[in-house]
Amino acid sequence: MRRSPVTTPVGDVVPGWVAAVAVAGAAAVVVPVLVLALQADWPDLPALVTGAAALDALGLSLWTAVASTLVCVVLGVPLALVLARTSFPGHAAVRAVVLLPLVLPPVVSGLALLATFGRRGPVGGPLDDLGLGVAFTTTAVVIAHTYVSLPFLVLSVEGALRVAGARGELAAATLGASANRTFWVVTLPAVAPALAGGALLAFARSLGEFGATLTFAGSLQGVTRTLPVEIYLLRETDPDAAVALSMLLVVAALVVVTAVHSTGGTRGLRAALGRPPRA
Amino acid sequence: MPEDAPYAGRMATQDGAATGGARLEVTLTDPPRGLDVSIEVRPGRTLALLGPNGAGKSTVLRTVAGLHAPGRARVVVGDTVLSDVGNGGRASWSPPRKRAVGLLDQQPDLFGHLTVRGNVMFGPRAAGASRRAARTFADHLLDAVGARDLARRRARALSGGQAQRVALARALAASPRVLLLDEPLAAVDAPSARELREVLRRVLDGVTAVVVTHDVADVRALADDVVVLEGGRVVEHGPADELLAAPRSAFLKDLLEHDDGADDLGPAPHPAPRSAPHSAPRSAPSQDGRRPVARHAEAVEALVAPALAGGAPQAVRVAELLARAAGEAALPARVLARDARAAVALPGFDNSQMDGYAVRAADLAGATPDAPVALPVAAPVPAGTSPPPLRAGTAAPVMTGAPLPDGADAVVRVEDADPPSFSPTDVVRFTAPVPSGTYVRRAGSDVAPGGVVVPAGTPLGPPQLGALVAAGVPEVAVAPVPHVLLVSTGSELVPASEPLGAAQVHDANGATLAAALAQAGARVTPRVVPDAPDALRAVLADAPPDVALVVTTGGVSAGAYEVVRQTFEEAWFGHVAVQPGGPQGLGTVSLGPRRVPLVAFPGNPVSAYVSFELFLRPVLARATGAVPARRPTGRARLAEPLDSPPALHQVRRGVLDDAGRVRLVGGPGSHLVSHLAAAGLLVHVPPGVARLERGDDVDYWEIR
Numbered sequence: 011m012r013r014s015p016v017t018t019p020v021g022d023v024v025p026g027w028v029a030a031v032a033v034a035g036a037a038a039v040v041v042p043v044l045v046l047a048l049q050a051d052w053p054d055l056p057a058l059v060t061g062a063a064a065l066d067a068l069g070l071s072l073w074t075a076v077a078s079t080l081v082c083v084v085l086g087v088p089l090a091l092v093l094a095r096t097s098f099p100g101h102a103a104v105r106a107v108v109l110l111p112l113v114l115p116p117v118v119s120g121l122a123l124l125a126t127f128g129r130r131g132p133v134g135g136p137l138d139d140l141g142l143g144v145a146f147t148t149t150a151v152v153i154a155h156t157y158v159s160l161p162f163l164v165l166s167v168e169g170a171l172r173v174a175g176a177r178g179e180l181a182a183a184t185l186g187a188s189a190n191r192t193f194w195v196v197t198l199p200a201v202a203p204a205l206a207g208g209a210l211l212a213f214a215r216s217l218g219e220f221g222a223t224l225t226f227a228g229s230l231q232g233v234t235r236t237l238p239v240e241i242y243l244l245r246e247t248d249p250d251a252a253v254a255l256s257m258l259l260v261v262a263a264l265v266v267v268t269a270v271h272s273t274g275g276t277r278g279l280r281a282a283l284g285r286p287p288r289a
Numbered sequence: 101m102p103e104d105a106p107y108a109g110r111m112a113t114q115d116g117a118a119t120g121g122a123r124l125e126v127t128l129t130d131p132p133r134g135l136d137v138s139i140e141v142r143p144g145r146t147l148a149l150l151g152p153n154g155a156g157k158s159t160v161l162r163t164v165a166g167l168h169a170p171g172r173a174r175v176v177v178g179d180t181v182l183s184d185v186g187n188g189g190r191a192s193w194s195p196p197r198k199r200a201v202g203l204l205d206q207q208p209d210l211f212g213h214l215t216v217r218g219n220v221m222f223g224p225r226a227a228g229a230s231r232r233a234a235r236t237f238a239d240h241l242l243d244a245v246g247a248r249d250l251a252r253r254r255a256r257a258l259s260g261g262q263a264q265r266v267a268l269a270r271a272l273a274a275s276p277r278v279l280l281l282d283e284p285l286a287a288v289d290a291p292s293a294r295e296l297r298e299v300l301r302r303v304l305d306g307v308t309a310v311v312v313t314h315d316v317a318d319v320r321a322l323a324d325d326v327v328v329l330e331g332g333r334v335v336e337h338g339p340a341d342e343l344l345a346a347p348r349s350a351f352l353k354d355l356l357e358h359d360d361g362a363d364d365l366g367p368a369p370h371p372a373p374r375s376a377p378h379s380a381p382r383s384a385p386s387q388d389g390r391r392p393v394a395r396h397a398e399a400v401e402a403l404v405a406p407a408l409a410g411g412a413p414q415a416v417r418v419a420e421l422l423a424r425a426a427g428e429a430a431l432p433a434r435v436l437a438r439d440a441r442a443a444v445a446l447p448g449f450d451n452s453q454m455d456g457y458a459v460r461a462a463d464l465a466g467a468t469p470d471a472p473v474a475l476p477v478a479a480p481v482p483a484g485t486s487p488p489p490l491r492a493g494t495a496a497p498v499m500t501g502a503p504l505p506d507g508a509d510a511v512v513r514v515e516d517a518d519p520p521s522f523s524p525t526d527v528v529r530f531t532a533p534v535p536s537g538t539y540v541r542r543a544g545s546d547v548a549p550g551g552v553v554v555p556a557g558t559p560l561g562p563p564q565l566g567a568l569v570a571a572g573v574p575e576v577a578v579a580p581v582p583h584v585l586l587v588s589t590g591s592e593l594v595p596a597s598e599p600l601g602a603a604q605v606h607d608a609n610g611a612t613l614a615a616a617l618a619q620a621g622a623r624v625t626p627r628v629v630p631d632a633p634d635a636l637r638a639v640l641a642d643a644p645p646d647v648a649l650v651v652t653t654g655g656v657s658a659g660a661y662e663v664v665r666q667t668f669e670e671a672w673f674g675h676v677a678v679q680p681g682g683p684q685g686l687g688t689v690s691l692g693p694r695r696v697p698l699v700a701f702p703g704n705p706v707s708a709y710v711s712f713e714l715f716l717r718p719v720l721a722r723a724t725g726a727v728p729a730r731r732p733t734g735r736a737r738l739a740e741p742l743d744s745p746p747a748l749h750q751v752r753r754g755v756l757d758d759a760g761r762v763r764l765v766g767g768p769g770s771h772l773v774s775h776l777a778a779a780g781l782l783v784h785v786p787p788g789v790a791r792l793e794r795g796d797d798v799d800y801w802e803i804r
């Protein structure tokens, strides 16, 4: 269903040299993962990934990724709606800034979060005084994940909203519906597939987050040491275990990518980029 | 389960809910857009808002719906002020959701993720109806628009026509006090539009509504009133039937022009005599160049009829005419050019109207049943004899049509006499007096000598010939038989029955039209010319001197070898709103010192024939009297559906089947000669009709 039954010979549409470079490009992405997989000590893999530290890291990674995805949805959908449907002075600037974490080096993001939520930061200080300090806690991990993942969700939902247009909402208004009813009954269901896709992307981004997390939340086993951080630390002491855990993340990533595509969850993004919704 | 009550009941009591309708008043001024409009719609009426693109129609609708805020606006529905902006005082403005103004757009804008029923339930649910009540009400409205069977379908899976039906039900379900329709049928395919228009006509009854449209059919079906906007201003307004009958604005006139032929099957009855026999045809074409059928027919008549009426009358002996009719099994078509006057009186002598007794009225003056007058019986008078005078005091038996004896001035019917029969008797008794002149046909009482027996302009049929003979008219002056030069153009044409070369065809047009012209009483000189202006000019230069009319086929389109167009540059060439037979030409042509009318038909045989039937045959028939000017007409149900271009008057060929229904012969295409030959009817589909279903009535002409 996802694969076109008709194949187009390369030479007809694309110059041969372009195709050759494309193959090189695909290889650049795939070969390292394949080589890593070949290095993996597959017979001992179950033992390697079920160590206490590994399990702690895996569990922490999973639940913080889920938590941050939920936070992304709660914060991101309203943000996307405001960006897609309203105009106000500085709209373009806000939109650019919201997408900033996409391009910011994660370590810089971590530093920014530390400055804000750290014990001496403008937000972290008062919270710390109340005994709700977040620096170097699991909460900090969730905050770091949310920070880097939010743009994926906002982009996906905002694109879908723009594609869908506001006509449905206008129709709802002339039928006497309040803005709130329109949001829940008309707007949100219309972009549900894009929302699911954006959430999956945000989840995947959270699962792999490393730089901002290490910088802002640190590396305490069972508290802030997520799977990528664990892999980074094991890399020196137990390369086989590092590779084994890496395989875990590769599999997780493949599952997410497949899921996103099969739910058509990137429809909003793809449509926003000018492709037909049902490719 | 009678669950209708809760929500529908609430609606009915609501002021101006869909079943009632509220008054709408809208005034808006928007200088940057050049808008200055004031419109009122009375409760329960439907206003059609017409005008060219950019006239401000949609802005008016959007202002009423609260989706647009122009510089100054005041919108009042019922007693509620919805907008009052820029008019001094405190500005007020209700958001769309609080207006109770429904909007049906060109695009249905359904909620694609909901079911059809979910869409229609949306308004009631937003207004606080329970799920159950909203569902019942939604189903009721889906029934009303004929979409109940779609209730469980996902809205995004509907066709355009279906979606628009559902959108209509959804808008009505929200109980609007005013419903706005912005070109509601513009994006719907033609057959669906026809059905949906009917649905709209039903449901808009009693609803205050404004419909923006470009389609006259919408106006006719839906509108009570019409407002025409041009350049942001109201240029015309009034009741729809009045404005449609007598449009004043250029826009409305033009819009209706395309619709003009809708009720016309052809030329109007004989128009008033035209002056200026050879003036140019009235040729102001409508703006897109398509002339309505009736207008072109009038133009042809105005040009051709005077030319056919001209020419010196010919003397024809009545006896010769009768002899030819008997010898050729056909009565030659002749129309009297001058009054035929009686040579003798009709009747030629006084005669009896009854079998009875010829008497002198004075003899019976005192007759009563008690004292009858008895008179001796004189010799009987049979027909065809010249009787002796009637002596006073006698009664002569006389037969019907027999001459009255001199002296007699009345006839008493035999049954009124005693005995009441012509029994052999010497004396006959009368029981009542009789006024002078009773049952007597006086000499000259039908026609006096020198009186008009048959007036000029009358075709000579059997009764006329009988009257002429009776009145002793030996010779009459008849109109000359019109001589028509029929020119088939086309380099591919070969005259009938000559051998065909490569890529050549026989001149079917020439055959069809020559026969049709002759049947309509014309003499025909047929010619075939190739697509070369010089060849056409040569044929004209060589034309017989008495040609009264030139008819051409072919060469009138916009192609590269349009010989007729190229040759007659002064004539009018254009499109008539008819299919087949759209391209037409009309003008005059110089034949030596004379100018005679030119009627140019298209080259496709069926097009040419249909053109002849619509435009030329009635004129010719009236001039020659050979055949009735109007074809026998009828109306019957269609045996099959048909599609027709809504802008055109379509003429299909058909036959009546055994059930008396109209079955079409061949498609709408204009080249199928064999189909035409099989057809006995021309089926008329007036403009504005895009599709007729099986069982719909159609008008037809019988063509044989």
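First to last, the protein sequences are chains V and H. Going by my numbering, the first sequence opens with residue 11, and the numbers climb by one from there. Going by my numbering, the second sequence opens with residue 101, and the numbers climb by one from there. A virtual CB, placed ideally from N, CA and C, is assigned to each residue, including glycine.
6 Å CB neighbourhood of residue i in its chain, flanking five on each side removed
i, result
"A186/H", "The identity of residue 186/H in the sequence shown is Gly, whereas the question assumes Ala. Result list for G186/H: G171, R172, in chain order."
Distance, residue j Cα to residue i Cα
i, j, result
"P574/H", "P488/H", "32 Å"
"R105/V", "P161/V", "10 Å"
"P369/H", "A790/H", "For P369/H, the pLDDT reaches just 34, beneath the cut-off of 50, and the residue's location in the model is therefore unreliable, leaving the point undetermined."
"L230/V", "S78/V", "19 Å"
"G228/V", "L163/V", "26 Å"
"V765/H", "N609/H", "19 Å"
"A102/V", "G261/H", "40 Å"
"P626/H", "L585/H", "6 Å"
"A346/H", "R320/H", "14 Å"
"A247/H", "A309/H", "22 Å"
"A34/V", "I153/V", "38 Å"
"A556/H", "P432/H", "17 Å"
Close beta carbons around residue i, own chain, < 8 Å, minus the five adjacent residues each side
i, result
"R761/H", "A736, R737, L738, A739"
"I803/H", "E713, R731, A779, G780, L781, L782"
"R217/H", "R235, A238, D239, L242, A251, R252"
"V785/H", "L742, S744, H749, Q750, V751, R752, L792, V798"
"F211/H", "G218, N219, F222, A255"
CB contact flag (residue i, residue j, <8 Å)
i, j, result
"V307/H", "L296/H", "no"
"L135/H", "T127/H", "no"
"G141/V", "A274/H", "no"
"F266/H", "L258/H", "The sequence given here places Val at residue 266/H; Phe does not occur at that position. Yes, the pair counts as a contact, with Cβ atoms nearer than the cut-off."
"S588/H", "V624/H", "no"
Residue i classed as buried or exposed, judged by whether at least 16 other C-beta atoms fall within 10 angstroms
i, result
"V481/H", "buried"
"E598/H", "exposed"
"T468/H", "exposed"
"H583/H", "buried"
"L264/V", "exposed"
"V547/H", "buried"
"A615/H", "exposed"
"R12/V", "The pLDDT assigned to R12/V is 42, lower than 50, so where the model puts this residue is not dependable, and the model offers no usable value."
Neighbourhood of residue i by C-beta, 7 Å cutoff - its chain only, sequence neighbours within 5 removed
i, result
"P381/H", "Caution applies to P381/H, whose pLDDT of 35 falls short of 50 and renders its modelled position unreliable; the value that the coordinates give is listed next. Within the same chain, P381/H has close Cβ partners A399, A402, L403, W672, L686, G687."
"A567/H", "V553, V554"
"A570/H", "L446"
"V266/V", "L210, F213, A214"
Residues in the segment 264-288 of chain H having any Cβ partner in chain V nearer than 9 Å: A267, R270, A271, A273, A274, S275, P276, L280
Listed from N- to C-terminal order along the chain, which residues in the segment 629-641 of chain H have their beta-carbon within a distance smaller than 9 Å of any beta-carbon of chain V? none
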